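In terms of my numbering, the sequence shown opens at residue 56 and continues consecutively. Cβ atoms here follow ideal geometry from the backbone N, Cα and C, with glycine treated the same way. Since the model is a prediction, treat every value here as computed from it, not as a measurement. Below you'll find the structure, written out as structure tokens, and then a few comments.
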Amino acid sequence: MKEKVYGEAVHYMKTFSITDIGMCRKMNQDYCYTSELPVGNLPNLFIVADGMGGHNAGEYASRYTVETIVRVAEASAKSRPADIIEEAVKKANEELIKKAAQDTSMWGMGTTVVTAVISGNRLYAANVGDSRLYIVNEQMRQITRDHSYVEEMIRRGELDREAARLHPNKNIITRAVGVMEEIQIDFFETDIGFGDEILLCSDGLTNMVEDEDIRRIVKGQRDTAEKAERLVLAANQNGGRDNITVVVIDPLFDGV
């Protein structure tokens, strides 16, 4: 637990991250990164990526994307979190496409990515794909928006959310890093307050555990490590059909 001062808030931030292969996969194509300390001009940085592609391509895509985001953020002269993340994700996208063109074993690789930055009582988030960021308190509030075939059906009114959980095409994503030269990134900005906890996760969690069960687990434990570990346990107990990655952030405020 480290004390940091940004803006008008003093943060005593507790964080914990965990990634697990799940019960069915032969390799873990998820990758995550957390830093409570500054990364370049960012006051902190949290990332989850869920790779896709045959052989080792998905594993490479997620790890390389996260490492590139961190590297570019460290060197960026920009100041706004959204500008820094946009620069970093676009660089990762460009380099993954080049790598796939040079190595046929990497053809078709890509990755989702979701990022979070906390400054004062303000949360900055960005995502590509269907890895998610939630604010968890008395309710579960999804801040990011999935880029997936099923989500598009929900928006068009062709499918409700309950049916979407069981849809055979729920894992088809419509945006990913490393797939198209022009990448679209969604950005979000919102206040966080007393009792709010932040959850970043891959769909290996959300496809296996209902939102209310996730909320109950997060709010039912005192320690961030236990929250994250119990989320992974619940996903595996429900079948663990995919890799599972969870980042839990508990920002405690003084003077907000």
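Excluding five sequence positions before and after aspartate 85, the CB atoms of its chain that fall closer than 8 Å to its own CB belong to Thr74, Val103, Ala104, Asp105, Gly106, Ser117, Ser257, Gly259, Asn298, Ile299, Thr300, given in chain order.
In terms of Cα proximity to glycine 95, the closest of Glu252, Gln157, Ile76, Ile139 is Ile139. Residue environment for histidine 202: buried (at least 16 other C-beta atoms within 10 angstroms of its C-beta). Considering only Glu129, Ala155, Ile247, Val264, the residue with the shortest C-alpha distance to tyrosine 115 is Ala155. Distance between valine 234 and methionine 78, taken at the CA atoms: about 28 Å.
Within the region 224-261, complete beta strand (DSSP E) segments of at least 3 residues are found at 241-246, 252-256, given in chain order. Remark: three or more beta-carbon pairs, one from each stretch, lie closer than 8 Å, so the region 183-198 and the region 237-256 are flagged as touching.
Each of Leu100, Lys274, Met263 was checked against the Cα of glycine 295, and the nearest Cα belongs to Met263. For aspartate 105, the enclosing beta strand (DSSP E) begins and ends at 100-107. Around the beta carbon of serine 134, a 10 Å sphere encloses fewer than 16 other beta carbons of the protein chains shown; the residue is thus reported as exposed. When the five nearest sequence neighbours on each side are left out, no beta carbon in the same chain lies closer than 6 Å to the beta carbon of tyrosine 119.
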